[in-house]
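Only one structure is covered here, and it is reproduced in the block below.
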Amino acid sequence: FIAGETCKDIVESEELARRAQELDQLSRDRAGSASFSGGTRDGTRERLVTVELDGRRHELRLHTSEPPWAGLARRHRERSKGLVGSETGAVVSPMQGTVLSVNVADGDAVLTGDVICVVEAMKMENEIVAHRDGVVSGLSVTAAQQVSNGQLICIVTNP
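Read in this note's numbering, the sequence shown has 112 at position 132, and its numbers run on one by one without any break.
Below you can see the structure in the form of C-alpha cells.
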C-alpha cells in the first residue's frame, strides 16, 4: 500500500484463473468443436456498439473474448437453475457457517419471511427465512451443526 502499487492475489489468484481456463478447455474438448449459434462462438460474447463516424451513427456488432471463468460461471448458473427458490420451496444456506438455532420443526406451518434458522458466519448472525407460505418438510439441520454454502436446510411445501 505504501508504494502505491495495486493490490493483487487477495481474492483471486493466477492459480484460480489457470484452473478455470483448464476446466473450460476440458469441457470444450468433450463437447467437440463449437458451431456458430446465434452469431456467437463459445468463448466469445456479442456486444452491440454505437459509433459516430463523419457525423453519422453506425451500430457495430463486436465479438469480444470472455474471461476464462465465464463459461464455468454460466454452466454453474444453468446447473443451479430451478434448484432453489420459491418455485421448488427449497430453503438453502446462502453461506458456510454454524447453525445457532432452529426455529421450526417438520410439519410446522410457516409464512413468507418466517425465520427457519439462524446461521452464524464470521461472527455475524444471519436469519434464514421461508420464501413462501407452506409447511416445513425435510428439515436437515440442528443447532451447532456446520452448514456449507448451498446446503439444503428444508423444503417449504404447499399447505
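The beta carbon of each residue, even a glycine, is placed where N, CA and C say it ideally should be.
I believe residue i touches residue j by the beta-carbon criterion, under 8 Å. Please report the beta-carbon distance rounded to the nearest angstrom.
i: Gln131; j: Thr78; result: The Cβ separation is near 12 Å, so there is no contact.
i: Ala123; j: Val82; result: 6 Å
Note down, in chain order, each residue of its chain lying with its Cβ closer than 8 Å to the Cβ of residue i, except the 5 sequence neighbours on either side.
i: Ser128; result: Ser73, Gln76
i: Glu32; result: His38
Ordered along the chain, which non-local residues of its own chain (more than five positions away) have a Cβ less than 7 Å from that of residue i?
i: Leu3; result: Leu52
i: Gly114; result: Gly69, Val90, Val136, Thr137, Asn138, Pro139
i: Pro48; result: Ala(-3), Ala0, Gln1, Asp4
i: Arg37; result: Thr30
i: Glu105; result: Leu80, Val98
Do you know how far the Cα of residue j is from the Cα of residue i?
i: Ile96; j: Glu46; result: 39 Å
i: Val109; j: Gly87; result: 16 Å
i: Arg27; j: Ala101; result: 39 Å
i: Glu58; j: Ile133; result: 21 Å
i: His56; j: Arg25; result: 17 Å
i: Thr44; j: Ala0; result: 18 Å
i: Val121; j: Arg54; result: 30 Å
i: Arg112; j: Lys103; result: 28 Å
i: Glu(-5); j: Ser117; result: 41 Å
i: Val71; j: Thr92; result: 12 Å
i: Leu6; j: Ala50; result: 14 Å
Got a sec? Which residues, its chain only, sit under 6 Å from residue i by beta carbon, not counting five neighbours each side?
i: Val29; result: Leu40, Leu42
i: Asp94; result: Ala110
i: Leu80; result: Val98, Glu100
i: Glu107; result: Val95, Val98
i: Gly35; result: none
When burial is assigned at 16 or more other CB atoms within 10 Å of the CB, is residue i buried or exposed?
i: Leu153; result: Summary: the structure shown does not reach residue 153, with the chain confined to residues -19 through 139, and so no result is reported for it.
i: Phe(-19); result: Note that Phe(-19) has pLDDT 46, beneath the 50 cutoff, so the model's placement of it is unreliable and the number below is only indicative. Exposed, since its Cβ has fewer than 16 Cβ neighbours within 10 Å.
Margin query: At 3 residues or longer, what runs of the beta strand (DSSP E) sit wholly inside the stretch 30 to 104?
Written below: Listed in chain order, they are 36 to 45, 70 to 72, 77 to 82, 95 to 101.
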